[in-house]
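J.: In my numbering, the protein residues as written are 2 to 200. Cβ atoms here follow ideal geometry from the backbone N, Cα and C, with glycine treated the same way. Predicted model, so just to flag it, every value in this text is computed and none were measured. Mind looking over this structure? Questions follow.
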Ligand SMILES: Nc1ncnc2c1ncn2[C@@H]1O[C@H](COP(=O)(O)OP(=O)(O)O)[C@@H](O)[C@H]1O
Ligand SMILES: O=P(O)(O)OC[C@H]1O[C@H](OP(=O)(O)OP(=O)(O)O)[C@H](O)[C@@H]1O
């Protein structure tokens, strides 16, 4: 497990700061949305910590409160430069609004569930990036995806088979989410608040 919490972009003058950008990543079914939901509730009183809604071309569900857009609206917004980052996966398009840049410039911390494919670009674009990988063994992922029953998930084998090979995607912190969600969410909250995460 690694825990050097801060990565400084090579060109400080170009990087967006001074607030922190916490990128929560990991395979489907690992528990990212679950731990984020609990961490969000735990940070509700702190207006300096922001959990932006993701823009996604799929319907919102019980496990996730996203801003649902059509593929046409997504592409128009992308052309207008309205997204700070965007990616495609599982047959959907995802993005985070550029509004996060204003929050980071104001010194706030942004926490979001993103694709491992955007980590390298985000490390270059932002001054203070922390990548938190949420993981679990393959059999646990399979059980959890079967249990989640999110209608938009499509073929679970395809979700379970997705891999991302990118050296820039190495995390700063890894949480193996096999204990209670409450316990691991407290680890995530410690990272978000800038403390030691594994006390
Ligand atoms: N620590 C945990 N223990 C048991 N079940 C969990 C835990 N974390 C998440 N889950 C369950 O696993 C399923 C997948 O979690 P989810 O947060 O949707 O994963 P992800 O966002 O990484 O795809 C959900 O049904 C959730 O309730
Ligand atoms: O490129 P990857 O690192 O594999 O990630 C691909 C996408 O999958 C996850 O989203 P989604 O909410 O659709 O899936 P999940 O909740 O099942 O992880 C993750 O947040 C990314 O948006």
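#1: Just mark residue 127 as buried or exposed, buried being the case when its beta carbon has 16 or more other beta carbons within 10 Å.
#2: Measuring CB atoms only, is the stretch 18-28 touching the stretch 129-141, in the sense that at least three cross pairs come out at less than 8 Å?
#3: In terms of residue numbering, what span does the alpha helix (DSSP H) encompassing residue 140 cover?
#4: If we count Cβ pairs, one from each stretch, closer than 8 Å, do we get three or more for the stretch 56-63 versus the stretch 83-93?
#5: Are the stretch 83-90 and the stretch 107-125 in contact at 8 Å, needing three or more beta carbon pairs?
#6: Less than 8 Å between the CB atoms is what I'm expecting for residue 160 and residue 146, so what's the real figure, rounded?
#7: Per DSSP, which one or two residues make a beta bridge with residue 86?
#8: Identify the continuous beta strand (DSSP E) that holds residue 112 and give its terminal residues.
T.: Reading from the atomic positions:
#1: So residue 127 ends up on the buried side.
#2: Proximity of the stretch 18-28 to the stretch 129-141 meets the contact definition, three or more beta-carbon pairs being nearer than 8 Å.
#3: Following the DSSP letters along the chain, one finds residue 140 inside the alpha helix (DSSP H) bounded by residues 139-149.
#4: These segments touch.
#5: Contact between the stretch 83-90 and the stretch 107-125 is present, with at least three C-beta pairs closer than 8 Å.
#6: Contact flag correct, Cβ pair sits at about 6 Å.
#7: In the DSSP output, where bridge partners are listed per residue, residue 86 has 97.
#8: Note, residue 112: beta strand (DSSP E), 110-114.
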